[in-house]
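Chains as they are written, first to last, in this note's numbering: chain A, 220 to 566; chain B, 220 to 566. A virtual CB, placed ideally from N, CA and C, is assigned to each residue, including glycine. Read through the structure below, which is laid out as structure tokens, and then see the notes.
Encoded structure:
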């Protein structure tokens, strides 16, 4: 089995450091990818530090992977060496359950996530994109549009699809009023994508510090959530709230900003579950919902949409040696808006 | 102004007792109704006892009103003396807001509820159906199908529409798996209506004591929520859960019983808001929603549906003198499944 250079950790309390991992030999349906860039998702921190209690080590994180195809298996016709491709949060699924059949592999009963997950054999731990090469079944390889630069495209594989999918599912388009709660890695993508879908976009953020940035990204309005007047003024205003904030909030207050039949969609999990009053739901038939990344078909659709509208992430490119520092900065929300690792620094 | 006999209270701490109230003179668009029966809703207890902190006295409760037309105003063409009619939770609305225009007067910005509410003049307190007569604008008068007996039809005006509306809105029909959580006044109507809509109906109730009754009402399955195996067995099973229970529950546990894209709809407000974990929403794109009675058009549709399918409430008919005792029994869930007051006992 080919050994490749990677950066990962042997345990929850240890910083990330160089290590070597094995990638499988190319099988008939596989695509081998030379990784160029990998985005840094907050999930990488949760998982390397075992904050969700299900971490397996050694662990190489990273699920916002872009690069170029170096080789393909004999049954692969859609990709060839040199193609610009991406790998997101999933590298396989059961392919048999209702969710897989519906093209919603993210909800599969036995998904194979890109790292901290077993292959379908139930015993081989898969490893993520903080590494130089990866081998993935062709069905989970995405095509990156030619006009997008690879480094800025990397975060589309998680932050992009995580916001695109609920925007589409809840029918964002002209005439719709969409709020984006939180302007971080997910939020800034939601603004760009929702704006390109021609909805009216309002950014709800703690203070007005980011007002210029939000407008540059495509927001029509920006309101501060530390100002109680925001909640009065925007009462019953929105069709949809994309909630990218995973800290504990008074969800009832935000639900009151929705029109009748409006939905607030949660993308993050607060570690301490908020109390939810029923009245804001009942009094205007509102919904509180959740959404998780997206299926492979929809991820390709999102990438094509981004190509067409020339949308990518705002990033800060870092060498792999800065990864531990980057984690600390993410925890302080000190990044505009996504760290991306230049994998050339790992070679 | 005509004085009529009624039963109501002068304050939160006082039992209901006889009193007289004024009804307005018949206006051109009004329908005068001789009340035959009035259902007893848990809301009547909350409101007479000021449990929601917004009660105004004197208060005559009751919003499940049926009777016969005795007179109509000069502009009323759809109703005539002798017609069997009903009045539900609303007697007027602003008629100008988006919700009114959409026929969803229950969400109107200035609704006039049947009691504990001001008329559109902003100063005349309206009074409910524990009384011998009522005068209501023709637009808020419902027609009761001839084949339904009036006493059993009374609870349709609140319990019926409160369950019919979400069943319809969330597209109950053949092939859909619907759970009804709680088998009381609302729950027993949800079972009858959902069964008539040809969905597979599962009753979720604390113990299996009511199993025979639930099946007689139309349930296909009955499971006890005090048995942990229920939650394992029914994981990812339902398209829709109609939650009629207004005590604090672990909503996350119930959400796990929904399939991908399923919804749990709350009809009651727990006084102590439950904590809601985000994961059950996110991991299968589920929704937690709420629903409130229904609009006038949909209430008539529900009554016609009940006429067609010969559906009404299971009731216990009581004289008005038993009303305080009935309230105590409701608080102990000791009623199958709705008390209805025989208003003849008040005349």
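So is residue i buried or exposed if we call it buried at 16+ other beta carbons inside 10 Å?
i                     : result
residue 194 (chain B) : Only positions 220 to 566 of chain B appear in this structure, which leaves residue 194 (chain B) out of reach.
residue 336 (chain A) : buried
residue 266 (chain A) : buried
residue 297 (chain B) : exposed
residue 437 (chain B) : buried
residue 391 (chain A) : buried
residue 228 (chain B) : buried
residue 407 (chain B) : buried
residue 490 (chain B) : exposed
residue 314 (chain B) : exposed
residue 346 (chain B) : buried
residue 234 (chain B) : exposed
residue 396 (chain A) : buried
residue 572 (chain B) : Nothing can be reported for residue 572 (chain B): it is not among the residues displayed for chain B, which extend from 220 to 566.
residue 260 (chain B) : buried
residue 288 (chain B) : buried
residue 421 (chain A) : buried
residue 246 (chain B) : exposed
When you compare only the Cα positions, how much space is there between residue i and residue j?
i                     : j                     : result
residue 223 (chain A) : residue 526 (chain A) : 31 angstroms
residue 471 (chain A) : residue 495 (chain A) : 6 angstroms
residue 361 (chain A) : residue 340 (chain A) : 23 angstroms
residue 333 (chain A) : residue 430 (chain A) : 35 angstroms
residue 559 (chain B) : residue 497 (chain A) : 28 angstroms
residue 512 (chain A) : residue 372 (chain B) : 48 angstroms
residue 380 (chain B) : residue 304 (chain B) : 15 angstroms
residue 547 (chain B) : residue 473 (chain B) : 29 angstroms
residue 475 (chain B) : residue 449 (chain B) : 11 angstroms
residue 424 (chain B) : residue 447 (chain B) : 13 angstroms
residue 481 (chain B) : residue 505 (chain B) : 5 angstroms
residue 536 (chain A) : residue 561 (chain A) : 6 angstroms
residue 351 (chain A) : residue 316 (chain A) : 33 angstroms
residue 367 (chain A) : residue 520 (chain A) : 15 angstroms
residue 239 (chain A) : residue 348 (chain A) : 13 angstroms
residue 387 (chain A) : residue 356 (chain A) : 27 angstroms
Going by the beta-carbon positions, is the gap between residue i and residue j smaller than 9 angstroms?
i                     : j                     : result
residue 275 (chain B) : residue 241 (chain B) : no
residue 502 (chain A) : residue 307 (chain B) : no
residue 358 (chain B) : residue 534 (chain B) : no
residue 477 (chain B) : residue 500 (chain A) : no
residue 282 (chain A) : residue 263 (chain A) : yes
residue 255 (chain A) : residue 432 (chain A) : no
residue 374 (chain A) : residue 461 (chain A) : no
residue 518 (chain A) : residue 539 (chain A) : no
residue 532 (chain A) : residue 378 (chain A) : yes
residue 412 (chain B) : residue 456 (chain B) : no
residue 225 (chain B) : residue 268 (chain B) : no
residue 258 (chain B) : residue 376 (chain B) : yes
residue 398 (chain B) : residue 453 (chain B) : yes
residue 530 (chain A) : residue 418 (chain A) : no
Hey, out of the options, whose CA is closest to residue i's CA?
i                     : options                    : result
residue 236 (chain B) : B:279, B:459, B:467        : B:279
residue 405 (chain A) : A:360, A:463, A:540        : A:463
residue 353 (chain A) : A:311, A:250, A:295, A:454 : A:250
residue 326 (chain B) : B:312, B:333, B:338        : B:312
residue 484 (chain B) : B:492, B:566, B:498, B:458 : B:458
residue 290 (chain B) : B:273, B:248, B:270        : B:248
residue 365 (chain A) : A:523, A:488, A:454, A:473 : A:523
residue 270 (chain B) : B:400, B:488, B:541, B:301 : B:488
residue 273 (chain B) : B:542, B:562, B:344        : B:344
residue 403 (chain B) : B:238, B:557, B:530        : B:557
residue 441 (chain A) : A:401, A:465, A:417        : A:401
residue 342 (chain B) : B:331, B:348, B:349        : B:331
residue 409 (chain B) : B:426, B:427, B:428, B:434 : B:434
residue 394 (chain B) : B:439, B:363, B:428        : B:439
residue 286 (chain A) : A:338, A:363, A:318        : A:363
Under 9 angstroms between beta-carbons, which chain C residues line up against residue i? List them in chain order, please.
i                     : result
residue 557 (chain A) : You won't find chain C in this structure, because its protein chains are A and B.
Handout entry: chain A contacts from the region 500-518 of chain B (Cβ-Cβ distance under 8 angstroms)
Key = 500, 501, 502, 503, 504, 505, 506, 507, 508, 509, 510, 511
Practice task
With 9 angstroms as the limit, tell me which residues of the region 385-399 of chain B have their beta carbon closer than that to any beta carbon of chain A; keep them in chain order.
Solution key: 385, 388
Exercise for the section: Could you run through the region 447-473 of chain B and flag, in chain order, every residue whose CB is less than 7 angstroms away from some CB of chain A? Expected result: none
Practice task
Output, in sequence order along the chain, the residues in the region 326-347 of chain B whose CB is closer than 9 angstroms to any CB in chain A.
Solution key: 326, 328
Exercise for the section: With 9 angstroms as the C-beta to C-beta threshold (strictly closer), list the residues of the region 294-316 of chain A near chain B in chain order. Expected result: none
Handout entry: Selection of the region 487-498 of chain A by Cβ proximity to chain B, strictly under 8 angstroms
Key = 487, 488, 489, 492, 493, 494, 495, 496, 497, 498
Practice task
Name, going along the chain, the residues of the region 248-281 of chain A whose beta-carbon falls closer than 8 angstroms to a beta-carbon of chain B.
Solution key: none
Practice task
With 7 angstroms as the limit, tell me which residues of the region 421-448 of chain A have their beta carbon closer than that to any beta carbon of chain B; keep them in chain order.
Solution key: none
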